[in-house]
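A.B. asks: Let me begin by handing over the structure; questions about it come next.
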Amino acid sequence: MRSDIFDQSNLEVATGQRFVLQNPKMLKVTLGEPVLAAKGAMVAYQGSVQFHHKGSDSLAKFVKRAVSSDDQALMTVAGQGEVFFARFAEDVFLIQLEGDAISVGGSSLLAFDAALQWDLHRTRGAGMMTGGMFNTLIHGHGSVALSSHGKPVILDCSQQPTFVDPNAAVCWSANLVPDVVSSMNMSSLLRGGSGEAFQYKFHGPGFVVVQPSEGIAGIVQPG
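Its first residue numbered 41, the sequence shown is counted upward by one per residue in the numbering used here.
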């Protein structure tokens with residue numbers, strides 16, 4: 041049998057590391073310690089692996105997830121073997137936390153070490169008009185895998201205010217607390233709006249990762 045599909049670049053990557061990118065769009069995690077992953081993100085696994093719905097851990101988390109428009113349902117993945125994760129052929133990248141933290145927007149969260157601490161936070165200024173906007177704060181020591189609908193760009197927020205469509209904000213420095221601001225005016229609203237009603241405003245020492253899309257990987261568009 042002969043085919044270009046059997047090229048070395050398409051074979052499973054084995055480096056001995058726990059989180060390994062198989063290619064720009066697929067992640068392999070070697071189990072031992074469990075991981076948390078977005079529900080439905082598993083595309084293959086090898087070995088003895090179990091998948092369980094991840095509860096909210098506390099009443100406070102349950103309430104926040106119940107009122108959140110951020111439909112980031114998680115599952116616990118445990119056992120022995122290797123699990124492959126991907127989502128809509130989006131680009132995947134890894135962040136190694138070393139006692140620090142990262143804020144993740146919308147449904148960009150793909151998988152992370154279960155030993156990491158996480159919680160949902162409402163974005164400042166996100167009220168009824170926006171439908172509620174939440175981000176996931178993750179901190180501790182371990183690996184976080186995020187997905188982006190296209191190759192992202194990193195913007196420095198320290199020099200001047202930076203405004204990002206909520207659907208395009210993948211993640212940002214945990215020390216940055218974005219405000220939700222509106223660019224609507226009454227005359228534009230009466231004419232049907234511009235489609236750019238709300239933005240995240242970032243300003244301070246830190247960065248925001250922006251994907252070149254307002255679609256699949258973002259949060260549900262308000263309204």
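Ideal Cβ placement from N, Cα and C applies to all residues, glycine included.
Using a Cβ-Cβ cutoff of less than 7 Å, which residues in the same chain neighbour SER183 once the five nearest sequence positions on both sides are dropped?
C.D. replies: Your numbering for residue 183 matches position 143 in the sequence shown. Here the set comprises ARG58, PHE59, LEU134, GLN136, PHE152, ASP153.
A.B. asks: Identify whether SER49 lies in helix, strand or coil by the three-state DSSP scheme.
C.D. replies: Here residue 49 refers to the residue found at position 9 of the sequence shown. Residue state, collapsed to three classes: helix.
A.B. asks: Pick out whichever of ALA81, GLY80, VAL53, ASN207 has its Cα sitting closest to the Cα of PHE174.
C.D. replies: Translated into the one-based positions of the sequence shown, residue 174 becomes position 134. Out of ALA81, GLY80, VAL53, ASN207, ASN207 has the C-alpha closest to the C-alpha of PHE174.
A.B. asks: Alpha carbon to alpha carbon, how far is SER198 from GLY119?
C.D. replies: Working through the sequence shown from its first residue, we reach residue 198 at position 158. Working through the sequence shown from its first residue, we reach residue 119 at position 79. Cα to Cα, SER198 sits roughly 43 Å from GLY119.
A.B. asks: Which residues in the same chain as GLU138 place their Cβ atom closer than 7 Å to its Cβ, once the five residues preceding and following it in sequence are excluded?
C.D. replies: In the sequence shown, the residue the question calls residue 138 occupies position 98. Cβ within range, chain order: HIS181.
A.B. asks: Should VAL132 and ALA209 be called a contact, given that it needs their Cβ atoms to be closer than 9 Å?
C.D. replies: By one-based count along the sequence shown, residue 132 stands at place 92. By one-based count along the sequence shown, residue 209 stands at place 169. The answer is no: Cβ separation not under 9 Å.
A.B. asks: In the structure shown, what three-state DSSP assignment does ASP44 receive?
C.D. replies: Position 4 of the sequence shown, counted from the start, is the residue given in the question as residue 44. Residue state, collapsed to three classes: helix.
A.B. asks: Give every residue of the same chain whose Cβ lies closer than 7 Å to the Cβ of PRO74, excluding the five residues on either side of it in the sequence, and list them in chain order.
C.D. replies: In the sequence shown, residue 74 corresponds to position 34, counting from 1. Counting only Cβ-Cβ distances below 7 Å, and skipping sequence neighbours, we find THR116, VAL117, ALA118, ALA154.
A.B. asks: How is ALA209 classed by DSSP in three states: helix, strand or coil?
C.D. replies: To locate residue 209, count along the sequence shown from 1; it is residue 169. Strand, per DSSP.
A.B. asks: Could you name the residues of the same chain whose beta carbon sits closer than 8 Å to that of MET168, not counting the 5 residues immediately before and after it, in chain order?
C.D. replies: Position 128 of the sequence shown holds residue 168. The predicted model places MET168 with a pLDDT of 44, which falls under 50 and marks its position as unreliable; any figure quoted below should be read in that light. Nothing meets the Cβ criterion.
A.B. asks: Three-state secondary structure (DSSP) at GLY232?
C.D. replies: Here the question's residue 232 lines up with position 192 in the sequence shown. At GLY232 the pLDDT is 44, less than 50, meaning the model places this residue with poor confidence; the figure from the coordinates comes in the next sentence. Coil, per DSSP.
A.B. asks: Identify whether LEU195 lies in helix, strand or coil by the three-state DSSP scheme.
C.D. replies: Looking up residue 195 in the sequence shown gives position 155. If DSSP states are grouped into helix, strand and coil, LEU195 belongs with the strands.
A.B. asks: Based on the DSSP output, what are the partners of THR163 in its beta bridges?
C.D. replies: Here residue 163 refers to the residue found at position 123 of the sequence shown. None, per the DSSP bridge assignment.
A.B. asks: Looking only at C-alpha atoms, which of PHE124, GLU122, THR176, SER88 sits nearest to VAL144?
C.D. replies: In the sequence shown, the residue the question calls residue 144 occupies position 104. Among PHE124, GLU122, THR176, SER88, the Cα nearest to that of VAL144 belongs to THR176.
A.B. asks: DSSP state of THR202, grouped into three classes?
C.D. replies: Stepping through the sequence shown from its first residue, residue 202 is reached at position 162. THR202: strand per DSSP, three-state reduction.
A.B. asks: Would you decide whether LEU51 is buried or exposed? Buried here means 16 or more other CB atoms lie within 10 Å of its CB.
C.D. replies: For the purposes of this step, residue 51 is taken as residue 11 along the sequence shown, with counting starting at 1. Per the 10 Å Cβ criterion, exposed.
A.B. asks: Three-state secondary structure (DSSP) at GLU73?
C.D. replies: Along the sequence shown, one-based indexing puts residue 73 at 33. Coil.
A.B. asks: Here's the rule: buried if 16 or more other CB atoms are within 10 angstroms of the residue's CB, otherwise exposed. What is ILE142?
C.D. replies: Mapped onto the sequence shown, residue 142 falls at position 102. The residue is buried, with at least 16 neighbouring Cβ atoms inside 10 Å.
A.B. asks: Between VAL69 and GLU254, what straight-line distance do the alpha-carbon atoms span, to the nearest angstrom?
C.D. replies: For the purposes of this step, residue 69 is identified with residue 29 of the sequence shown, where counting begins at 1. For the purposes of this step, residue 254 is identified with residue 214 of the sequence shown, where counting begins at 1. Their Cα atoms are separated by approximately 28 Å.
A.B. asks: Indicate whether ILE178 and LEU149 have their beta-carbon atoms separated by less than 9 Å.
C.D. replies: Counted from its first residue, the sequence shown places residue 178 at position 138. Counted from its first residue, the sequence shown places residue 149 at position 109. Closer than 9 Å, so yes.
A.B. asks: Which whole-angstrom value describes the C-beta separation of LEU71 and LYS94, a residue pair presumed to lie in contact below a C-beta threshold of 8 Å?
C.D. replies: Within the sequence shown, the letter at position 31 stands for residue 71. Within the sequence shown, the letter at position 54 stands for residue 94. About 15 Å separates the two Cβ atoms, so there is no contact after all.
A.B. asks: What is the rounded straight-line gap between the Cα of ASP47 and the Cα of GLN62?
C.D. replies: As a working note, residue 47 is residue 7 in the sequence shown. As a working note, residue 62 is residue 22 in the sequence shown. Distance between the alpha carbons of ASP47 and GLN62: 14 Å.
A.B. asks: Is the Cβ of CYS197 closer than 9 Å to any Cβ of chain B?
C.D. replies: In summary, chain B is missing from the structure at hand, where a single protein chain is found.
A.B. asks: What does a CB cutoff of less than 6 Å around VAL221 pick up in its chain, not counting 5 residues either side in sequence?
C.D. replies: For this step, residue 221 is matched to residue 181 along the sequence shown. If we look at VAL221 and ignore the five residues flanking it on each side, its Cβ neighbours are GLN239, LYS241.
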